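Anchor point for the sequence shown: position 44 equals 56 in my numbering, and the numbering is continuous, going up by one each time. Glycine residues also receive a C-beta, built at the ideal position from the N, C-alpha and C atoms. As the structure is a prediction and not an experimental result, all values here were calculated from the model.
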Amino acid sequence: MLCEVRSLGLSGLAGYEVRAECDLSGGLPAFEVVGLPDAAVKEARDRVRSAIKNCGFTFPVSRITVNLAPADRRKVGTVYDLPMLVGILAAGGQLRLDGPDSAFVGELSLSGSLRPVVGMLPMALAARRAGIRKLYVPAPSAAEATLAGEGLEVYPVEHVAQLVAHLKGAEPISPAPPWIPGEETAAAPDFADVKGQENVKRALEIAAAGGHNIAMVGPPGSGKSMLARRLPSILPDMSRREALEATEVWSVLGLTDAEHPLLTARPFRAPHHSISATGMAGGGNPLPRPGEISLAHNGVLFLDELPEFHKDVLEVLRQPLEEGWVTISRSAGSERFPARFMLVCAMNPCKCGWYGYGSRCRCSPRDVEKYLGKLSGPLLDRIDLYAEVPPLDFDELSRRPAAEPSSVIRARVEAARAVQAARFGPDGPSCNAHMGPAELAAYCALDADGQAVMKGAFQRMGLTARSYDRILRVARTIADLDGAADIGVEHLAEAVQYRESAYLRR
Ligand SMILES: Nc1ncnc2c1ncn2[C@@H]1O[C@H](COP(=O)(O)OP(=O)(O)O)[C@@H](O)[C@H]1O
Ligand SMILES: [Mg+2]
13 MLCEVRSLGL SGLAGYEVRA ECDLSGGLPA FEVVGLPDAA VKEARDRVRS
63 AIKNCGFTFP VSRITVNLAP ADRRKVGTVY DLPMLVGILA AGGQLRLDGP
113 DSAFVGELSL SGSLRPVVGM LPMALAARRA GIRKLYVPAP SAAEATLAGE
163 GLEVYPVEHV AQLVAHLKGA EPISPAPPWI PGEETAAAPD FADVKGQENV
213 KRALEIAAAG GHNIAMVGPP GSGKSMLARR LPSILPDMSR REALEATEVW
263 SVLGLTDAEH PLLTARPFRA PHHSISATGM AGGGNPLPRP GEISLAHNGV
313 LFLDELPEFH KDVLEVLRQP LEEGWVTISR SAGSERFPAR FMLVCAMNPC
363 KCGWYGYGSR CRCSPRDVEK YLGKLSGPLL DRIDLYAEVP PLDFDELSRR
413 PAAEPSSVIR ARVEAARAVQ AARFGPDGPS CNAHMGPAEL AAYCALDADG
463 QAVMKGAFQR MGLTARSYDR ILRVARTIAD LDGAADIGVE HLAEAVQYRE
513 SAYLRR
């Protein structure tokens, strides 16, 4: 007897349909799995055998062959436990399937209860695309599966016995209701705690409003890390599309929360400077996994103490910073992961941290050169705003805090984002930082005065074409914060000033 059960697999971040063909035939009892299974899939045989016995069924005394089709794609993980069990029971006549448009995923315990699977969201999306109408999943993964949207009924299964009772019509399982995010109440650190530093806060506001990359440069203890950690409190919420994109990455790495499967707050990733290039960009064999830059997709990648990162780790940032995704090449083929993030960096101006702030600096000019020499020109070129973070003087520090709370800053950021959304429409870039040549031409025209400011900056700073465009994008954001239809000289001058920091000119 042959029985085919539909299931799903993962390749990189994408789900795809897998068919588990289960065949029982005469001959010596055996249990074979073919179709490029990895070790975890081969071990499924033991879990399936025990689960079948422990749920009161008979394990067929036959030659069992399970083919996971398409047989040329590598099958990893434990999601095929459930479809194999269902297929073997159905092939042996112990169970009947409920139609051709059902699919099954799930890891089994030896007792027959189901454990959650990673990558539920991309697999559920693939199920919808493949025309599957009913998806049977481990109960803890059900909420995440419902994020795939209407047209897919998700059945939460806790135990094989429960699934059998459902398929027999004895005790139907009700489909999981669509998951809806509740009110977020997580208290993030607030800008109200930061005294002074108005200039840096303004730069962070501009960065948040347009999605621009920003670097903060200043001596130790001046508040760079403190300021960066407050950035999430002024970032706009993600759109549904952005949230789903980010959640897919987290889901594949098994980082989603069963109770709260959809990421609603923008990711904020702050990897330590000892991270490897693979940890940053993604990779691994045989199937590459996304790295920090993809976990930061649609959010913030914060690199504290930038010059301390390994040089090769910083170099892998270049392509994603330009294109919004990263390509990982392996002998088995290449994978493309989304990686559109806002880069936020903090650094000291030299090894001891005090260069440019009086006589405390003990570094020789050569030490200073060497420290900053680790940062390549192309990387520095991709940073839109440089904000100097000077040490606070005693008067500012001893003042009672009366700083603006994040909610007020965030309202201005949201207003500027609304202007951008109206301008670009649903299919255009999501913010000014992602404007391409067409949008730059359409929305960033300069008048004669503006041209003159740009020309002056170009000559003084020896700008590249890339930094020219980056200045225009920042100027557009400053104009949007100002509610101005066109970029004015004052907007441009402010954008140029963030580019022209003393730090870069050295
Ligand atoms: N502007 C400020 N307002 C209030 N506290 C500050 C400010 N700047 C620094 N601090 C205090 O100093 C500590 C060290 O700041 P930190 O952000 O770690 O400095 P950096 O990263 O520049 O070395 C902060 O945790 C905070 O307590
Ligand atoms: Mg710090």
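Residues sharing a beta bridge with residue i, DSSP
i: Glu-33; result: Glu-16 and Asn-79
i: Ile-226; result: Val-356 and Leu-397
i: Asp-269; result: His-272
i: Thr-339; result: Arg-348
i: Glu-44; result: Thr-77
i: Phe-314; result: Val-356
i: Leu-126; result: Leu-120
i: Tyr-114; result: Looking at the sequence shown, residue 114 is not Tyr but Ser. Per DSSP, Lys-146.
i: Phe-280; result: Val-312
i: Pro-302; result: Gly-294
i: Tyr-92; result: For Tyr-92, which the question treats as bridged, DSSP gives no partner whatsoever.
i: Tyr-28; result: Gly-21
Simplified DSSP state of residue i, which is helix, strand or coil
i: Met-473; result: helix
i: Arg-518; result: Note that Arg-518 scores 43 on pLDDT, short of 50, meaning its location in the model is unreliable and no value can be drawn from it.
i: Arg-348; result: strand
i: Phe-436; result: helix
i: Lys-146; result: strand
i: Ser-23; result: strand
i: Glu-512; result: coil
i: Leu-109; result: coil
i: Glu-183; result: coil
i: Ala-453; result: helix
i: Lys-87; result: strand
i: Ala-496; result: coil
i: His-322; result: coil
i: His-171; result: strand
i: Glu-165; result: strand
i: Tyr-383; result: helix
i: Pro-49; result: strand
i: Tyr-480; result: helix
i: Met-447; result: coil
i: Val-328; result: coil
i: Ile-218; result: helix
i: Glu-195; result: coil
i: Leu-256; result: helix
Supposed close pair residue i, residue j - CB separation, criterion 8 Å
i: Ala-157; j: Leu-20; result: Not a contact, Cβ separation roughly 10 Å.
i: Arg-242; j: Ser-418; result: 7 Å
i: Asp-393; j: Thr-476; result: 6 Å
i: Arg-278; j: Gly-311; result: 4 Å
i: Gly-118; j: Val-129; result: 6 Å
i: Val-60; j: Met-96; result: 5 Å
i: Pro-49; j: Arg-75; result: At roughly 17 Å, the Cβ-Cβ gap does not stay under 8 Å, so Pro-49 and Arg-75 are not in contact.
i: Leu-391; j: Leu-326; result: 6 Å
i: Gly-368; j: Pro-361; result: 5 Å
i: Glu-29; j: Arg-18; result: 7 Å
i: Leu-519; j: Glu-170; result: For the chain, the structure presents residues 13 to 518; residue 519 sits outside this window and is missing.
Interface flag, residue i vs chain B, CB-CB below 8 Å
i: Ile-490; result: The structure shown has no chain B; it contains just one protein chain.
- Message: Tell me whether the stretch 209-217 and the stretch 396-403 touch, counting them as touching only if at least three CB pairs, one residue from each stretch, are closer than 8 Å.
- Response: yes
- Under a criterion of Cβ closer than 6 Å to any non-hydrogen atom of ligand 2, which residues qualify, in chain order? Lys-236, Ser-237, Asp-316 and Ala-358
- Is the stretch 252-263 touching the stretch 354-365, taking contact as three or more C-beta pairs under 8 Å? no
- Item | Validate contact between the stretch 101-115 and the stretch 64-83 using beta carbons, cut 8 Å, 3 pairs | yes
- Message: Within 8 Å, do at least three Cβ pairs link the stretch 481-495 to the stretch 215-230?
- Response: yes
- Spell out a yes or no on whether the stretch 164-175 and the stretch 143-153 are touching, meaning 3 or more CB-CB pairs, one atom from each, closer than 8 Å. yes
- Message: With three or more C-beta pairs closer than 8 Å as the rule, is the stretch 464-475 touching the stretch 373-387?
- Response: no
- Decide yes or no for the touch test of the stretch 302-316 against the stretch 329-342: beta carbon pairs closer than 8 Å, at least 3 of them. yes
- Task: State whether the stretch 269-285 contacts the stretch 173-180, with contact taken as three or more CB pairs (one from each stretch) at a distance under 8 Å.
- Result: no
- Item | Segment contact, 8 Å Cβ cut-off, at least three pairs: the stretch 307-322 with the stretch 239-259 | yes
- Are the stretch 494-512 and the stretch 433-444 touching by the rule of at least three beta carbon pairs closer than 8 Å? no
- If we count Cβ pairs, one from each stretch, closer than 8 Å, do we get three or more for the stretch 283-294 versus the stretch 251-260? no
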